[in-house]
Amino acid sequence: MFMNKTVAEVTLDQLSLLGVKRIYGVVGDAIIGLLDAMATQDKIEFIPVKHESVAAFMASAEAKLTGKLAVCTATMGPGATNLLNGLGDAYSDKAPVLVITGQAPRNKIGTDFQQYVDQQELFKPFVTYSANLASEDAIVDLLQKAAQTSLQQRAVTHLSIPKDLFQVKTAVEARALPTVIEGTASFQVEDLTEVTTLMKTANKPIILAGAGAKKAAPAIEELAETWGAGILTSLGGKGLFEESTPCLLQGIGEGGNPHAAEVFKEADVVLLVGVTWWPEGYVPEKARIIQIDTNFATAHKGVPTELGVNGKAEQVVPLLLQDLAGYQKNSAWKTQVEEAKAKWADQNEEEGQITGSPIHPSRIVRAIERTVAEDAVITLDTGDITVWMNRNFRQSQQSVLFSGYWRSMGFGLPAAITAKLVHPEKQVIAIVGDGGLQMTLADLLTATRYNLDITVLVFNNGALQMESDKIQAAGDRELGTQLTNPDFVQVAKACGWTGFRAETDSELESILEKAIHTTGPVLVDIYTEQAFFPETEA
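Residue numbers for the sequence shown follow UniProt numbering, beginning at 1 and rising by one.
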């Protein structure tokens, strides 16, 4: 049998057939064979980063942004373990990511060999499928199974390959995944009679929409008008509806519309569309809940759902609307929703005009809103900046990437680097806190390596402010919340970036405009007030 390609070469052929354009990782001894094969081809680019967690964050961000399979790699032992935080993000937010790790040589597996660990056990909490390659002739079968699992289940999968197998030749050849033809869901109006019957009992209806409702947004607006419902959105659902939508209350939960909680707690029927988030502490106690999701079996995540519809929102919502024709909505409830919307609109506008130095977070958010492009990709780190953006940013058509359920600090910069690699034509803005940025500070140099035209905005208040707020709310003593920060502008310049500093609100927009329109990687260090976030709970 003629064998002319190594396991590493076939791996790259297979990934290329799957549409993979880049692999994120850190060079390590156990994956040298894979990197050797990458050096001789040009279909897939290796993106070397400074820490494996960044590689996993970048793969997660790419998968969230594109919906396609994204790949990261690391060596065995500490390299593999360093991936876990970023994989936790992909796992929690259902991003289709494939992890390829090097492993000990075959004759050392299960021994006390240096850096050896059972990787299938190591990755178990975060992956839906994990296998160790035992034979060079199984490489295509395992890669296909991993890829299909990731794409079909929106899951993380993992393949470990012994160091000595990468350069072994095999007779197997890469092959494309089978083409899957998905028919249109066969929903008819009568199939949803139970749902619409429940909806018709509503006196105070609410719709909670998330990112999965994107294609159904116009139909949801029409449904809200017919049903007399208010619309609330998760962070992932912001921007789906125009600010002028009469029944739009915007976000709910920490960082959302503070007046929406009063309304939401009175709701008697709630329709969840494309969202798996149930903001405990803000929700009605006795409402009857209907949930629409394409994968309902894994979507309800603790939501006390009474009726679940396993289908696409854009197919289901128009049918609900059709059956609700002539519904007699509660005009008093509609007025209550509109009053809560108007009250928050006025307050939000006022908060965005706060003056002074250090600059209030709401004022910074308003400046961002005024300067970023309508089709920009915005990446959010986790922390105080997340809740201020959720509270005050009136999103239009921007795409926003964030760490949803995992909520890891350090996501913002890696996600921005990925977004620019995937969409070089887009404006990319990373919004980070000083604490979150320092977790991935070394990867400023990754953006330098590729001369990426990204803008990083740093809310620099010298504190882990969210933790500080929670400690204050609990009446406890603070320890470790105040940061020792470098001069971020000088650090950026040392890394080959352009750096700006904004110290007063009067100069903020002009500096942001200048930064956004400067070629190459740019960092703006914003002197930020240590403002206590409203509604903080211990």
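Think of the CB as a built atom: it goes at the ideal place given N, C-alpha and C, for glycine as much as any other residue. Since we're looking at a predicted model, the values are computed, not measured.
Can you check whether the CB of Val97 is closer than 7 Å to the CB of Val127? no
Please name the residue or residues paired with Pro162 in a DSSP beta bridge. Gln103
Quick test of the definition: if touching needs 3 or more C-beta pairs under 8 Å, does the segment 409–421 touch the segment 335–353? no
Would the segment 257–269 and the segment 414–431 be scored as touching if the rule is three or more Cβ pairs under 8 Å? no
Would you check if the segment 446–458 and the segment 393–407 touch, i.e. whether three or more CB-CB distances between them fall below 8 Å? no
Check whether the Cβ atoms of Gln464 and Thr446 sit closer than 7 Å, and answer yes or no. The sequence given here places Leu at residue 464; Gln does not occur at that position. Cβ distance not < 7 Å, so Leu464 and Thr446 don't count as in contact.
Close beta carbons around Asn203, own chain, < 6 Å, minus the five adjacent residues each side: Asp268, Asn330
Tell me whether Tyr282 sits in a helix, a strand or coil according to DSSP, three-state version. coil
Any idea which residues DSSP pairs Ser92 with across the strands? Ser92 is not bridged to any residue.
Let me know the secondary structure DSSP gives Thr528 once reduced to three states. strand
For Ala171, the three-state DSSP class (helix, strand or coil): coil
Over what stretch of residues does the beta strand (DSSP E) that includes residue 603 continue unbroken? Because the chain spans 1 through 538 in this model, residue 603 falls outside it and cannot be assessed.
Rounding to the nearest angstrom, what Cα-Cα distance links Thr294 and Pro358 in this structure? 46 Å
How many Å lie between Val283 and Ala261 at the Cα? 7 Å
Top-ranked residue by Cα proximity to Ala211, from Gln167, Val273, Ala63, Asp191: Val273
Give me, in chain order, the residues of the same chain whose beta-carbon lies closer than 8 Å to that of Lys200; leave out the 5 immediate sequence neighbours on both sides. Leu324, Tyr327
According to DSSP, is Lys5 part of a helix, a strand, or is it coil? strand
Looking only at its own chain, which residues have a Cβ that is under 8 Å from the Cβ of Met439, when we skip the five neighbours before and after it? Met409, Gly410
Quick one: give me the first and last residue of the beta strand (DSSP E) that Arg22 is part of. 22–25
By Cβ distance, which residues of its chain are closer than 7 Å to Ile526, with the 5 residues on each side in sequence left out? Ile359, Ile364, Leu457, Val458, Phe459, Asn460, Ala502
Does the Cβ-Cβ distance between Leu208 and Leu232 come in under 7 Å? yes
Is the Cβ-Cβ distance between Ala55 and Gly25 less than 7 Å? yes
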